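Q: Chains as they are written, first to last, in my numbering: chain A, 197 to 627; chain B, 166 to 654. Right, I'll just put the structure down here and ask away after.
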Amino acid sequence: MNKEAGINQLKRRDFLKAGLVFGAGASGLAAGYAAVPDAFARAVYAAKKEGMTNENILVMIQLAGGNDGLRTLVPLADPSLHDLRPKLAGPMVSQALPLNSQYGLNHNLGGIKGLWDKGKVAIVQGVGYSNPTFSHFESIRIWETGDPSRRQVDGWLGRTLATNYDSNGHPLTGCACGATDAPGALRDLQATLTVIQNQKTFGFTGGTEVEAAVGALYKGTPGIYGALFDTAIATATETMATLRTSASTYHPMADYTDQVKLVYSSKNQLAAALQLAAELIVTGTGVKLLHVTLGGFDTHYTELNRHDDLMGYLDSAVSAFYKDLAAHNMADKVLIATWSEFGRRPKENASGGTDHGAAAPLLLIGDPVNGGLYGAEPSLTSLDNTGNLKYSVDFRSVYQEILSGHLGADAPKILGSSFDRIPFLKAPVVV
Amino acid sequence: MSLAPTHDQADSAAAKTRGITRRQALGAAVATGVGVGVVRLLGGSMQHIAAPRTGTTTDWISPLKTESARVMHLLRRTSFGHTPAQLDAALSDGFNKTIDRLIETAPAEPPTLAAANAPGGRFPIAQLQQWWIDHMFSTSTPFAERMTLFWHGHFTSDYRKAADDTFMYWQNLTWRRMAMTDLRSMLLQVTVDPAMLRYLDLATSTGQSPNENYSRELMELFTMGAGNYTESDVREGAKALAGWQVPQPDATATVVVDAKNNVTRKLPVYSGQKSGVFNPRRAYKGSVTFLGKTGQLDTQGVIDRILAQPTTAPLIANKVAQSFVTARPSPAYVKNLGDTFRRSKYDMKTLMRAIFTGPEFVADQSYRSLVKSPTEFMVHAGRALGVSSFSKLVAGHGSGMGQTLFDPPDVNGWPNNEAWISSNTVVERVNFVTAALGQVKSSLPPASDAIHRHLDGVLSPQTASLLNQAADDRARWFIALASPEFQLK
């Protein structure tokens, strides 16, 4: 694909010049985050000589709202769980799918248990950070920027895009599937990314005539939002062209379904989003970093049914996704990782739910994974002064392993520091 | 009238004195592809070439020195744009008198939504969405709807978790009636609002085993902001607030909820709008230490402690400023607004008057400095086209642009400004314009309206050029409504 021409036949020098100007204006504009650019990133990509170091791909699944770690990886033998959760503990322990004598997976994670049995699931326990905030939005930002000090405004994946990829001006290098706006993790002033809510409706009604008119309309737009608008349209137009090709060659090899009965339904179509991710991966669009979200994890009330439903939804979507990738011989390239802004309070509340917590386990799934349990088991009897689980693994240790071990990216540069290694990858690219 | 840009001698001279000619500016635009030249099109003639503020960047040329542009700026930000009659009335009143009218006119009540009588509030949410959008189109007081939308995003709830669309309907009626009252009254009401009692779980909290959800978000998102209270305040506040429950129904009705399997359920029926009820048996009995004071504390006491905190007024002032003035209000501006708000005992009329009459509102930097929310964009487009209603179309198109009424993404409501711009949302905005024009079978208003009455005649070279190339008014309306200019306010 000839990307040299770029969206406006611009020279790299022009982009860099404009990028500096835009960056100066936009840095103050963003409230907490960098604004989402931008064609300027293409110039940055073009500036890199090395290109991609490998063909590996990362899929981050956000469990938004704060996933209950104790109902995901269930402690089977700790009697204090029943004291803390008189309503919630019984069924979750008795039905759990045991991994060993101490821990079991939520009973609705049967597909993921099957992958565990094949050594394709790593679970890192007790992941968090020091002095945790219990605000959704503050903690989401910390996880997205990879900075508990809250100074960083760019997302950790956005910085990865900007720092490590020569993607030949490819806006699909980073893609948020099933969303309408860019997740903070993928944002960076110098990164281009694509956002597609629903592939079936992603396109201009009115066809190429409208596409051409709008392409001409959104050029050189003045004002503080000008570059954002122009890039959004240019990115959309390029992505539509890519999807027209990929849609004709992609045949899903698994059943993706979003027909899930949820007590309080999630707003996201996880299976459809992962199916789009699979299409982008198996048709060789050059996608590297994908982000999807499953919402509804803020289980302050009637958690029993709701959380089980969400686990089942996650399980069926991830299982279909893995099966599809495997059938297309792409499973060895793709690492799936979950993240959530925090776990939940060990002690249940009056509503049959749990309030905001701290440390929780993360799941890493796929052929690149060296299966097993990592990190220290969090104690249910030695809680912190807010009644929450103490963390044993800094979440940036997990990011570091993903960045250097899977993507071959410059983790210390992206994260600003080095962290203890968590060796959950079979064959890390960079040690 | 010709839309063709013809060269204007006087303004060319003015441009030259600023050290840039039109040809240079346009040439630069072609070379870099980013905004370098801005053409102001007024009365069919090209008048100004932008004088770059910093020497390298460009912005829209603000027309806000003129009274008519200020009036249109005000209506865009407060009233979902305007119909021709509303614009004429506002132009005749002038900017200052229009501000008085916006602030002092009592909100027009929407028609009763009959569906809200359904037992258990079981009716399609689309009916509630369309009812509200219909009212946005037809009301004589669109500012009341704009403020209702603001509070719907602030004291937000979603219909999924409220699990009773009648409760959502009541909440909407409440924010319309209270939108321009005072923060204390609103906080007392939001705490006992039935949809909110469900949404943030206060209805199921007890003093013995409190649910922290409402206590936390009350302080973090509704008033004081993160970092200005402790985790202990969250827990103690949750104790003090416990005891509220959703109102008792006046009757129940047996309704078939699954006809195939003949499943029936007893659902609540209400004779009219109600608030939550306090059940002392579920309340906390002891004393609490909340925001620095120890003692017995009821809900009113919690709210008054929060209103005594210095960060509450600036949080609201900042959010209002970001919604109505600028994406980046300066700290000094926010402090002034907050001081005014707090001194007035949190009076919303005082705050909104300070917003609209302050120099910041009509400063050149404020021009087109906000992105219309999807609802504002769609309703403005409909009003500009003169259609009486296409609420079904509007309700159906919000999701792809990131805004579904009564279904915010999370407890923080909707994001604003640059968050509305992505590859997905901008395409969806264009598709809405295509669909909207497809529904207008009769003749359209003259396209010059679009340019002069809705875009102030301030166009980018690209927009001006495409308008000139357009075959007919339908195509011109498409370009005008799909343009970046029309996405901004």
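Note that the Cβ used here is the ideal one computed from N, Cα and C, for glycine as well. A quick note: this is a predicted structure, and the numbers were derived from the prediction, not measured.
1) Are the Cβ atoms of N393(B) and T464(B) separated by less than 7 Å?
2) Do you know offhand how far A190(B)'s Cα is from P626(B)'s?
3) Is the Cβ of G408(B) closer than 7 Å to any Cβ of chain D?
4) Assign V355(B) to one of two classes, buried (16 or more other C-beta atoms within 10 Å of its C-beta) or exposed (fewer than that).
5) Along chain B, which residues have their Cβ under 7 Å away from the Cβ of A408(A)?
6) Between I618(A), Y509(A), G612(A) and P619(A), which lies nearest to T341(A) when the distance is taken from Cα to Cα?
7) If I measure Cβ to Cβ from D563(A) and keep anything under 7 Å in the same chain, skipping five residues before and after, which residues do I get?
8) So with Cβ pairs under 7 Å, would you call G563(B) a contact of chain A?
9) When you compare each of F591(A), V625(A), I610(A) and L603(A) to D616(A) by their alpha carbons, which one comes out closest?
10) Beta carbon of T582(A), beta carbon of G549(A): below 7 Å?
11) What residue from P433(B), S587(B), A478(B) and R594(B) has the CA that sits closest to T417(B)'s CA?
12) What span of residues does the beta strand (DSSP E) with I532(A) cover, start to end?
13) Use the C-beta contact count for D299(B): other C-beta atoms within 10 angstroms, 16 or more gives buried, fewer gives exposed.
14) So is L560(A) in contact with chain B if we call contact Cβ pairs under 7 Å?
15) Relative to the C-alpha of T346(B), which residue among D330(B), A309(B) and V357(B) is closest?
16) In angstroms with no decimal places, state the Cα-to-Cα distance between K588(A) and I336(A).
17) Taking Cβ positions only, does I586(B) come closer than 7 Å to chain A?
18) Anything in the segment 415 to 429 of chain A with a Cβ closer than 7 Å to a Cβ of chain B? List those residues in chain order, please.
19) In terms of residue numbering, what span does the alpha helix (DSSP H) encompassing L252(B) cover?
20) Just checking: is the beta-carbon of G374(A) within a distance shorter than 7 Å of some beta-carbon in chain B?
21) Please decide whether A230(A) counts as near chain B, where near means a Cβ-Cβ distance under 7 Å.
22) Counting C-beta neighbours from all protein chains within 10 Å, is the total for S593(A) 16 or more, i.e. buried, or is it exposed?
23) Residues of chain A with a CB under 8 Å from the CB of P494(B): which are they?
24) Taking contact to mean at least 3 C-beta pairs separated by less than 8 Å, is the segment 302 to 318 of chain A in contact with the segment 595 to 615 of chain A?
25) Under 8 Å Cβ-Cβ, which residues of chain A neighbour K326(B)?
26) Ignore the nearest five residues each way along the sequence and tell me which others in L229(B)'s own chain have a CB closer than 8 Å to its CB.
27) Please state whether DSSP places D590(A) in a helix, a strand or coil.
28) Please decide whether I338(A) counts as near chain B, where near means a Cβ-Cβ distance under 7 Å.
29) Tell me whether N376(B) is buried or exposed, calling it buried when 16 or more other Cβ atoms sit within 10 Å of its Cβ.
30) Could you compute how far the alpha carbon of P619(A) sits from the alpha carbon of L284(A)?
31) For the beta strand (DSSP E) that contains I616(B), what are its first and last residues?
32) Considering only their Cβ atoms, is the gap separating L353(A) from P557(A) smaller than 7 Å?
33) Which full runs of the beta strand (DSSP E) of 3+ residues lie inside the segment 389 to 437 of chain A, going along the chain?
34) In chain A, which residues lie less than 9 Å from T599(B) when you measure between Cβ atoms?
35) Do you know offhand how far R188(B)'s Cα is from I226(B)'s?
36) Please list, in chain order, the residues of the segment 313 to 334 of chain A that have any C-beta partner in chain B closer than 9 Å.
A: Let me spell this out:
1) Taking 7 Å as the Cβ cut-off, N393(B) and T464(B) do not qualify as a contacting pair.
2) In this prediction, A190(B) has a pLDDT of 32, which is less than 50 and means its spatial position is unreliable; what the coordinates show is noted afterwards. Going by the C-alpha atoms only, they are around 10 Å apart.
3) Absent here is chain D; the protein component of the structure consists of chains A and B.
4) Answer is buried; the Cβ neighbour count reaches 16.
5) Those do not exist, as A408(A) stays about 10 Å from chain B at its closest Cβ, beyond 7 Å.
6) A check of alpha carbon separations from T341(A) across I618(A), Y509(A), G612(A) and P619(A) identifies G612(A) as the nearest.
7) Taking D563(A) as the centre and dropping the five residues before and after it, the same chain places the C-beta of K316, A527 and D528 closer than 7 Å to its C-beta, in chain order.
8) Taking Cβ atoms only, chain A never reaches closer than 7 Å to G563(B), which makes this a no.
9) For D616(A), the closest of F591(A), V625(A), I610(A) and L603(A) by C-alpha to C-alpha distance is F591(A).
10) In this structure, T582(A) sits away from G549(A), with a CB-CB distance that is not shorter than 7 Å.
11) Comparing Cα-Cα distances from T417(B) to each of P433(B), S587(B), A478(B) and R594(B), the minimum goes to P433(B).
12) Start and end: V530 to W535.
13) D299(B) comes out buried.
14) Judged by the 7 Å Cβ criterion, L560(A) is not in contact with chain B.
15) Per the Cα distances, A309(B).
16) Checking the displayed sequence, the identity of residue 588(A) turns out to be Ser instead of Lys. Rounded to the nearest angstrom, the two C-alpha atoms are 19 Å apart.
17) At a cut-off of 7 Å between beta-carbon atoms, I586(B) makes contact with chain A.
18) Correct list: K415, G416, T417, P418, G419, I420, Y421, G422, A423, L424, F425, A428 and I429.
19) Where L252(B) is concerned, the enclosing alpha helix (DSSP H) stretches over P249 to D258.
20) For G374(A), not one C-beta of chain B is nearer than 7 Å to its own C-beta.
21) With a pLDDT of only 34 at A230(A), under 50, the local geometry of the prediction cannot be trusted, and the value read off the model is given with reservation. With 7 Å as the cut-off, A230(A) does not count as an interface residue toward chain B.
22) The residue is buried, with at least 16 neighbouring Cβ atoms inside 10 Å.
23) Near P494(B) there are no residues of chain A at all, since even the closest Cβ is about 10 Å away, more than 8 Å.
24) With a cut-off of 8 Å on Cβ pairs, the segment 302 to 318 of chain A is not in contact with the segment 595 to 615 of chain A, counting fewer than three such pairs.
25) Under the 8 Å cutoff, chain A gives Y460.
26) Contacts found: R235, H238, V527, A528, D529, S531 and Y532.
27) D590(A) falls in the strand class under three-state DSSP.
28) For I338(A), no Cβ of chain B is located within less than 7 Å of the residue's own Cβ.
29) Label assigned to N376(B): buried.
30) Taking the straight line joining both Cα atoms gives about 33 Å.
31) Element bounds for I616(B): n/a, residue is neither H nor E.
32) Going by C-beta atoms, P557(A) is not nearer than 7 Å to L353(A).
33) You should have 390 to 392.
34) When 9 Å is used as the limit between beta carbons, T599(B) is near these residues of chain A: F400, T401, G402 and V406, in chain order.
35) Any reading at R188(B) is ruled out, since the residue's pLDDT is 33, under 50, leaving its predicted position unreliable.
36) The segment 313 to 334 of chain A vs chain B, Cβ under 9 Å: T329, F330, S331, H332, F333 and E334.
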